[in-house]
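Below is one structure, written out as structure tokens; the observations come after it.
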Amino acid sequence: MGTFVQQVFNGLTVGGIYALIALGYTMVYGVMRLINFAHGDLCILGAFIGLTLLSGAAGSGHPGVALLLLAFVLAIAVVAAAGVLLEFVAYRPLRRADRLAAVVSALGASVLIENGIMIVWGPNVHVFPSGLLPETVWHVAGAAITFVQVLIILASVVLMAALYVFVHHTKFGTAIRAAAIDQDTARLMGINVNRVIVTVFVVGPALGAIGGLFVGVYYREAYFTMGWVYGLYAFIAAILGGIGNIPGAMLGGVLLGLFNAFAAGYISSSWQDAITFALLIGILLVRPTGLLGERVAEKV
Amino acid sequence: MSLLAIDDLRVSYGEIEALRGVSLSVEAGEVVTILGANGAGKTTLMRAVSGLLGKRGGQIAFDGQDITRAGADRIVRLGVTQAPEGRRVFGTLSVLENLRLGGFTRPGAEVRASIEQAYEMFPRLRERSAQLAGTLSGGEQQMLAIARALVGRPKLLLLDEPSLGLAPIIVQAIFRSLRQIADSGVTILLVEQNARSALKLADRGYVLEVGRIVLDGRADTLLASPEVQAAYLGKGHAPG
Ligand SMILES: Nc1ncnc2c1ncn2[C@@H]1O[C@H](COP(=O)(O)OP(=O)(O)OP(=O)(O)O)[C@@H](O)[C@H]1O
Ligand SMILES: [Mg+2]
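Here the protein sequences come in this chain order: P and C. Each residue of the first sequence is one higher than the last, beginning at 23 in the working numbering. Each residue of the second sequence is one higher than the last, beginning at 300 in the working numbering.
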């Protein structure tokens, strides 16, 4: 029982992080039919920006929660700006080009950001400062649940709910969904599709920066190739839920996190990845478009 | 001054010249139809007017403003909306969401009133307002595409083959609605292959052949002309 509850909380924490990052992949894919391979690196850029601020301020006597909040604001701002710049430089000039050109550009951007992080912060593993957040641990049914876990789970839920409301219950959110279905017809409605794309490249990286910073705060480390590691997991989560589908990315992230945690807790952490990929393949065999993948009608 | 004035418009897809110098005009309050065989360039013309395609040459003016290089969203704001070929409803959005998108550039209160009017014209859409647009029948989707374009409160409504693939009885219903829309004062530019119905509705017409206007005139004149009868009304063979 203790292990079960423990793994549920571990899984929800990691799942929340995967989901936040996965949303960026799925939103960009939804509107542009493009996998933004640089997304994971952008997210980890957020972790490094937070790390720099927190390390600099650690021991300054400022309250940890206020510092953390500032770190988030800064990380979100910088990463969202980087996202917009990325779209402008790497993808916009290739809108009408061959699909493969955009893929190559995405991979190039990923390498560029990853190496940029290495040049600025170095190739070694950085440790996040301790003592910023309360070390409170709750013991529930034999499991130990930390303050950081609860913070991450709650924040993920709130952010995902906010995104859902934005996309499904506002005028501009509906415009985003329309552009994802059919860009030309969206233009005929008077929707400025460029503005939709920029919005997607602000919202996706902003959520991703939060996810990236959560990775750093949870695992207390950051290294320059981390974007690929977490980016890959989040990408799998997006595929699992049905790429292009926003609730799908949320579901995929949480399921993947839970599955990871149970595989590690009940079987073996060294088999965790193999089991996770086996699950992915299994689900895709049964549902090739992912759990909530596009219904045929959407492809018009 | 014409509401829409197109002068020597040229549009190409790479090497293929789809419009080779098209000139036409639409006066406020008119219904004008464009007839032409498959591949004549009708859809190209409609998409060019709406700002979805770049132009190789020529000019388009709407309501006295040059819109040759205007973006699609600005053209909608100026008062040109379109029900495109193949209906193109947003299949995984509800009927109501589709209609609201039609009013994307308009203020909220006006959109609600426009949707109410659209429901009065097409009562079936009201019954199905919560249904996903992709699950509507072809005729209902066409009604939705027209209603959606009307919610944008157009001065000029572009319709690209609204009767495409529909049963004759539905086609009649659609044309009755178009008559009603025209009578309410909306100017219409209609592309059709159903030449008879289109010419009966229209005041004037143009005939487009491989990217050029080859014939134009009053609708009743065209309806009676041997060329149009032979090529588009399926009446026997042209003499000679
Ligand atoms: N995206 C495109 N790329 C290349 N050529 C195109 C494209 N769209 C249309 N064309 C070509 O331009 C010409 C005009 O096409 P258009 O769709 O405007 O014709 P249409 O009159 O609307 O025909 P239909 O009655 O079949 O709808 C055709 O020769 C067509 O093959
Ligand atoms: Mg056509």
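We put the CB at the ideal spot given by N, CA and C, even for glycine.
Are the C-beta atoms of residue 451(C) and some chain P residue less than 8 Å apart?
Closer than 8 Å: yes.
Burial state of residue 312(C) (16 or more Cβ within 10 Å):
Exposed is the call here.
Taking 8 Å as the cut-off, decide whether the C-beta atoms of residue 36(P) and residue 282(P) are in contact.
Going by C-beta atoms, residue 36(P) is nearer than 8 Å to residue 282(P).
Contact criterion: CB-CB distance below 8 Å. Does residue 364(C) meet it with respect to chain P?
Chain P, which has no Cβ nearer than 8 Å to the Cβ of residue 364(C), makes this no.
Please report the distance separating the alpha-carbon of residue 418(C) from that of residue 53(P).
Straight-line Cα distance between these residues: approximately 30 Å.
Three-state secondary structure assigned by DSSP to residue 312(C):
The three-state secondary structure of residue 312(C), taken from DSSP, is strand.
Hey, would you say the C-beta of residue 206(P) is under 7 Å away from at least one heavy atom of ligand 2?
Not a single heavy atom of ligand 2 lies less than 7 Å from the C-beta of residue 206(P).
State the DSSP-derived secondary structure class of residue 324(C), mapped to helix, strand or coil.
In this structure, residue 324(C) counts as strand in the three-state DSSP scheme.
Nearest-angstrom beta carbon gap, residue 59(P) and residue 139(P) [assumed within contact, 8 Å]:
Not quite, the Cβ-Cβ distance comes to about 15 Å (not below 8 Å), so this is no contact.
Using a Cβ-Cβ distance under 8 Å, would residue 200(P) count as near chain C?
Yes, contact with chain C.
Considering only heavy atoms of ligand 1, does any lie closer than 7 Å to the CB of residue 430(C)?
Checking the Cβ of residue 430(C) against ligand 1 gives no.
Quick one, are the C-beta atoms of residue 325(P) and residue 106(P) less than 8 Å apart?
What is shown of chain P runs 23 to 322, which leaves residue 325(P) out entirely.
Counting contacts by CB-CB distance shorter than 8 Å, is residue 207(P) in contact with chain C?
Yes - at least one Cβ of chain C is within 8 Å of the one on residue 207(P).
Between residue 332(C) and ligand 2, is the CB less than 7 Å from at least one heavy atom?
For ligand 2, not one heavy atom lies less than 7 Å from the Cβ of residue 332(C).
Evaluate the contact criterion for the region 159 to 170 of chain P versus the region 23 to 42 of chain P: three or more CB pairs, one atom per stretch, below 8 Å.
With a cut-off of 8 Å, the region 23 to 42 of chain P and the region 159 to 170 of chain P count as touching, because enough Cβ pairs lie within range.
May I ask you to check if the CB of residue 341(C) is nearer than 7 Å to at least one heavy atom of ligand 2?
Yes, ligand 2 has a heavy atom inside 7 Å of this Cβ.
At least one CB of chain P closer than 8 Å to the CB of residue 396(C): is that the case?
Taking Cβ atoms only, chain P reaches closer than 8 Å to residue 396(C), which makes this a yes.
Under 7 Å by beta carbon: chain P residues contacting residue 325(C):
None at all; the shortest Cβ gap to chain P is about 18 Å.
Within 10 angstroms of the Cβ of residue 538(C), are there 16 or more other Cβ atoms? Answer buried if so, exposed if not.
Reliability of the predicted coordinates at residue 538(C) is poor, the pLDDT of 48 falling under 50, and no value is obtained from them.
Is the Cβ of residue 422(C) closer than 8 Å to any Cβ of chain P?
Taking Cβ atoms only, chain P never reaches closer than 8 Å to residue 422(C), which makes this a no.
Run through DSSP, which three-state label would residue 250(P) get?
Annotated three-state conformation of residue 250(P) is helix, per DSSP.
Classify residue 300(C) as buried or exposed, calling it buried when 16 or more other Cβ atoms lie within 10 Å of its own Cβ.
Exposed, because fewer than 16 other Cβ atoms sit within 10 Å of the Cβ of residue 300(C).
Beta-carbon within less than 7 Å of residue 474(C)'s beta-carbon, same chain only, minus the 5 sequence neighbours each way: which residues are those?
Within the same chain, residue 474(C) has close Cβ partners 496 and 500.
Which runs of the alpha helix (DSSP H) spanning at least 4 residues fall entirely within the region 85 to 150 of chain P, listed in chain order?
Counting only runs of 4+ residues, the alpha helix (DSSP H) found wholly inside the region 85 to 150 of chain P occupies 86 to 108 and 121 to 143, in chain order.
Measure the beta-carbon distance from residue 349(C) to residue 210(P) and round it to whole angstroms, keeping in mind my assumption that it falls under 8 Å.
With a contact defined as Cβ atoms closer than 8 Å, residue 349(C) and residue 210(P) qualify at about 6 Å.
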